[in-house]
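*Asks:* My questions will all concern the structure given below.
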Amino acid sequence: MDKIIMHIDVNNAFLSWTALELLDKGYKYDIRNSYAVIGGDESKRRGIVLAKSNSCKKLGIKTADTLFEARNKCPSLKVYPPNYYQYQKMSKKLFSLLSEYTPDIEVFSIDECFLDYTPIKNRYKSELDFAYLIKDRIKNELGFTVNVGISYNKLCAKMASDFSKPDKVHTLYKDEIKSKMWPLPIDDLFGVGKKSSLKLKKLGINTIGDLACFDVAKLQIYFKNQAIRLINMANGIDDDLIIRKYSEPKGISNETTLDHDVVSKEEVYKYLFSLSELVGLRLRKQNKYASVIAVVLKDKYFRRKSHQKKLDNATNITSEIYEISKKIYDEMDNKDSIRLIGIRLDGLTTNTFHQISMFENLDDRDKDSGLDKVVDEINSKYGSRTIKKAGSIEVNKKPF
DNA sequence: TCTGGGGTCCTAGGACCC
DNA sequence: TCTGGGGTCCTAGGACCC
Numbered sequence: 059m060d061k062i063i064m065h066i067d068v069n070n071a072f073l074s075w076t077a078l079e080l081l082d083k084g085y086k087y088d089i090r091n092s093y094a095v096i097g098g099d100e101s102k103r104r105g106i107v108l109a110k111s112n113s114c115k116k117l118g119i120k121t122a123d124t125l126f127e128a129r130n131k132c133p134s135l136k137v138y139p140p141n142y143y144q145y146q147k148m149s150k151k152l153f154s155l156l157s158e159y160t161p162d163i164e165v166f167s168i169d170e171c172f173l174d175y176t177p178i179k180n181r182y183k184s185e186l187d188f189a190y191l192i193k194d195r196i197k198n199e200l201g202f203t204v205n206v207g208i209s210y211n212k213l214c215a216k217m218a219s220d221f222s223k224p225d226k227v228h229t230l231y232k233d234e235i236k237s238k239m240w241p242l243p244i245d246d247l248f249g250v251g252k253k254s255s256l257k258l259k260k261l262g263i264n265t266i267g268d269l270a271c272f273d274v275a276k277l278q279i280y281f282k283n284q285a286i287r288l289i290n291m292a293n294g295i296d297d298d299l300i301i302r303k304y305s306e307p308k309g310i311s312n313e314t315t316l317d318h319d320v321v322s323k324e325e326v327y328k329y330l331f332s333l334s335e336l337v338g339l340r341l342r343k344q345n346k347y348a349s350v351i352a353v354v355l356k357d358k359y360f361r362r363k364s365h366q367k368k369l370d371n372a373t374n375i376t377s378e379i380y381e382i383s384k385k386i387y388d389e390m391d392n393k394d395s396i397r398l399i400g401i402r403l404d405g406l407t408t409n410t411f412h413q414i415s416m417f418e419n420l421d422d423r424d425k426d427s428g429l430d431k432v433v434d435e436i437n438s439k440y441g442s443r444t445i446k447k448a449g450s451i452e453v454n455k456k457p458f
């Protein structure tokens, strides 16, 4: 018997959640009903659209547009800054409301999740009944709207929740694939982005239905191993049915766009130090160690470059992360002035297989590890970044 | 005042080993 | 004189997602 999977997706999440925050603070009107977007800080060169109201959408404003573009499309546009603490708070409220019904929930992002309805289906009249129940409860109790997609696998549930918005429940059963999904433009298929859609259109594939019926062998010439997966998806076939209640992160990264392009090595080092602190703290919070450290750069031409190093011994010590990332940066021999810099930790393990090397001073390592612990404790007690080590600069305020 | 930040997965090529 | 091939690990970059 098929499973019944639901996908719950908050409509204009960041905008809705900021709207609620403002109403709470006594704002007289609801920014959801106006020409408003949530956008980054232009003076810090982060001026893009993170979320938009429905009226803005109608004018053609898209997520990730520059605010400059957005204002061209809508001169009376109002821009509000994101508040990630608020978003986290609302996200928690949403998922805890849903958890009242079942533990079988996979959090997919801050504003989306999958829910396995199969084990609880006998408690309700129908899946539609249940979907409307949770949708309306969220609207009435939490104050924002969601879309709910119902299907027999995650892919199709997600496709369904995207059909028409806001505040809607949609189904996409097997016998509805042809009528509801095939007419959609190929760009609407989950996993098909700009590059792939361009390639597909050159092959005459313009709708999901076109792809569903396309010759596999011919598609393989252009998409190699991805061809079968693509055609399967267009036919609503997705073997990933597992609801992952919690999945271990594969990597931890922090990156920051600099408010001006930077060439000086000393300045780069300062950013690397702050980033090391950030990723190190997050790593230690999870009781993990990293065995790969990568430094990521974006130059003024928006070209991304990265360099990584596999460590003999996994680490979670800020000073080690810093020293290694400095070395990696030096090896990159970067000559361009850079716009963004980041550190990514990969190959996360729960223990460090530390081998004593001849040149290593274990006392130092213990000292550094102890220092991290003290700093972490004080920061968690009195608010993050109460303590900053010398030379550290503010790089990021996001709590996640 | 033009273009974020945090992720995952895939691919291709090189090194190295047997 | 000609010139294996399979497997694994590592790295850099690309594509895509929210």
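Numbering (the working numbering), first residue to last: 59 to 458. The beta carbon of each residue, even a glycine, is placed where N, CA and C say it ideally should be.
(1) Tell me whether I63 sits in a helix, a strand or coil according to DSSP, three-state version.
(2) Am I right that I289 and A270 are in contact with their C-beta atoms under 8 Å? What's the rounded C-beta distance?
(3) Between which two residues does the alpha helix (DSSP H) carrying R361 extend?
(4) Determine which residues share a DSSP beta bridge with D404 and list them.
(5) By how many angstroms is the C-alpha of G251 removed from the C-alpha of A275?
(6) From the DSSP output, in three-state form, read off N312 for me.
(7) Hey, could you find the ends of the beta strand (DSSP E) A94 is sitting in?
(8) Would you kindly check if the distance between the Cβ of G105 and the Cβ of G97 is under 8 Å?
(9) At the level of alpha carbons, what is the spacing between S383 and N91?
(10) To the nearest angstrom, report how far apart S241 and L336 are at their CA atoms.
(11) I need the DSSP call for F331, collapsed to helix, strand or coil.
(12) Mind reading off the beta-carbon distance from T408 to N345? Whole number of angstroms is fine, and I expect it under 8 Å.
(13) Since T76 is in the alpha helix (DSSP H), which residue starts that stretch and which ends it?
(14) Looking at C-beta atoms only, is the number of pairs between the region 135 to 144 and the region 64 to 80 that lie closer than 8 Å three or more?
(15) D169 to K147, Cα distance in whole Å?
(16) I'd like the list of long-range same chain contacts for K363, defined as Cβ closer than 6 Å, with 5 residues on each side in sequence excluded.
(17) According to DSSP, what are the bridge partners of P243?
(18) Suppose only complete runs of 4+ residues qualify. What are the alpha helix (DSSP H) ranges in the region 109 to 176, listed by chain order?
(19) On the premise that V204 lies in contact with N69, defined as a C-beta separation below 8 Å, what is that separation, rounded to the nearest angstrom?
(20) Comparing C-alpha positions only, which one of I379, L277, M59 sits nearest to V353?
(21) Note down the Cα distance separating K102 from L316, rounded to an integer number of angstroms.
(22) When we look at the beta-carbon of Y175 and count the other beta-carbons within 10 Å, is it buried (16 or more) or exposed?
(23) Looking at I244 and S237, is the spacing between their C-beta atoms short of 8 Å?
(24) Compare the Cα-Cα distances from G405 to each of D422, D421, V95, L369 and report the closest residue.
(25) Can you check DSSP and say which residues form a bridge with V206?
(26) Quick check: what's the CA-CA separation for R314 versus N374?
(27) Which of the three DSSP states, helix, strand or coil, is assigned to G91?
(28) Thinking C-beta only, is C171 closer than 8 Å to D296?
(29) Tell me whether the beta-carbon of I386 lies closer than 8 Å to the beta-carbon of I436.
(30) Once DSSP output is grouped into helix, strand and coil, what is the label at R302?
(31) Are Y190 and Y210 close, meaning C-beta to C-beta below 8 Å?
(32) Rounded to whole angstroms, what is the Cα-Cα separation between S154 and R195?
(33) Check each candidate in S305, D67, E100, K257 and name the one with the smallest Cα separation from K282.
(34) Apply the 10 Å Cβ neighbour rule to M239 and answer buried if 16 or more other Cβ atoms are within range, or exposed otherwise.
(35) Between the Cα of V326 and the Cα atoms of M390, A372, E306, G309, which residue gives the shortest distance?
(36) Taking the C-alpha atoms as reference points, what is the distance between I57 and D273?
*Replies:* By the coordinates alone:
(1) It is a strand residue.
(2) 7 Å
(3) Element bounds for R361: n/a, residue is neither H nor E.
(4) V350
(5) 22 Å
(6) Secondary structure at N312: strand, using DSSP grouped into helix, strand and coil.
(7) 94 to 97
(8) yes
(9) 47 Å
(10) The identity of residue 241 in the sequence shown is Pro, whereas the question assumes Ser. Those two C-alpha atoms are separated by around 46 Å.
(11) Three-state result, F331: helix.
(12) 7 Å
(13) Residue range 71 to 82 is occupied by the alpha helix (DSSP H) that includes T76.
(14) Yes, the region 135 to 144 is in contact with the region 64 to 80.
(15) 11 Å
(16) Here the set comprises L355.
(17) T265
(18) 112 to 116, 125 to 131, 142 to 157
(19) Rounded, the Cβ-Cβ distance is 6 Å, consistent with contact.
(20) I379
(21) 7 Å
(22) Classified as buried, Y175 has 16 or more neighbouring CB atoms from the shown chains inside 10 Å of its CB.
(23) no
(24) L369
(25) I66, V227
(26) Position check: residue 314 holds Thr in this sequence, whereas Arg was assumed. The alpha-carbon atoms of T314 and N374 are separated by roughly 21 Å.
(27) It is Asn, not Gly, that sits at residue 91 in the sequence shown. In this structure, N91 counts as helix in the three-state DSSP scheme.
(28) no
(29) At least 8 Å separates the beta-carbon of I386 from that of I436.
(30) coil
(31) no
(32) 12 Å
(33) Minimum Cα distance to K282 is reached at K257.
(34) buried
(35) M390
(36) Because the chain here runs from 59 to 458, residue 57 falls outside it and cannot be looked at.
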